[in-house]
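Numbering (the working numbering), first residue to last: 9 to 72. Think of the CB as a built atom: it goes at the ideal place given N, C-alpha and C, for glycine as much as any other residue. Worksheet: one structure, shown below.
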C-alpha cells in the first residue's frame, strides 16, 4: 500500500509541474498518434497533461 501512495504522490507532483509549465509545454508532453515514434516519452507523459485545473483534480481524486 505504501508503494501505491508513493506512486500517487510522485504522479501528483509531476502533474502539477507539467501544469505549471504552461501551455507551451503541452505539445511536448501530449501523446499524438502521428508523432509517438519520434516522441516515445509521450506514452508516459500524456497522463501528466491536464487541460484545466478541474481535469487535474478529477484525475487526482481517481488515484486516491
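Residue environment, residue i, which counts as buried when at least 16 other CB atoms sit within 10 Å
i          : result
residue 26 : buried
residue 60 : exposed
residue 50 : buried
Beta-carbon proximity check, residue i vs residue j, cutoff 8 Å
i          : j          : result
residue 65 : residue 23 : no
residue 3  : residue 62 : There is no way to answer for residue 3, as the model of the chain reaches only from 9 to 72.
residue 28 : residue 68 : no
Residue of the options minimising C-alpha distance to residue i
i          : options           : result
residue 34 : 58, 67, 71 and 70 : 58
residue 52 : 30, 39, 32 and 12 : 39
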